[in-house]
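Numbering (this note's numbering), first residue to last: -16 to 76.
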């Protein structure tokens, strides 16, 4: 049974996916994906402000923040990719 936090996480993710699917009706899916990645990158960078006391400290911790976001994205991407590959259905796009 999913926890309330897991349900909330999934609901937020679904809301973002729904927006992307809607935008894909009037734009190339690749452009929509890049816009979503840009938004996630911008929001992630914005969140890093709270963990730093100054712009200089934030700049010094860039590699650390990048690694954390890269690792999270890579794991999430691999999980989703593997799920789609194991349930591959070209008619279900």
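Positions of the beta carbon are idealized from the N, C-alpha and C atoms, including for glycine. Just so you know, these numbers come straight off a predicted model, no measurement behind them.
Where residue i falls: helix, strand or coil (DSSP)
{"i": "residue 18", "result": "helix"}
{"i": "residue 71", "result": "coil"}
{"i": "residue 41", "result": "helix"}
{"i": "residue 35", "result": "coil"}
{"i": "residue -15", "result": "coil"}
{"i": "residue 8", "result": "coil"}
Within 7 Å, strictly: CB atoms of residue i and residue j
{"i": "residue 15", "j": "residue 7", "result": "yes"}
{"i": "residue 27", "j": "residue 52", "result": "yes"}
{"i": "residue -9", "j": "residue 3", "result": "no"}
Rounded distance between the beta-carbons of residue j and residue i, thought under 8 Å
{"i": "residue 48", "j": "residue 63", "result": "In fact, because the Cβ distance is near 23 Å, the residues do not count as touching under 8 Å."}
{"i": "residue 25", "j": "residue 35", "result": "In fact, because the Cβ distance is near 16 Å, the residues do not count as touching under 8 Å."}
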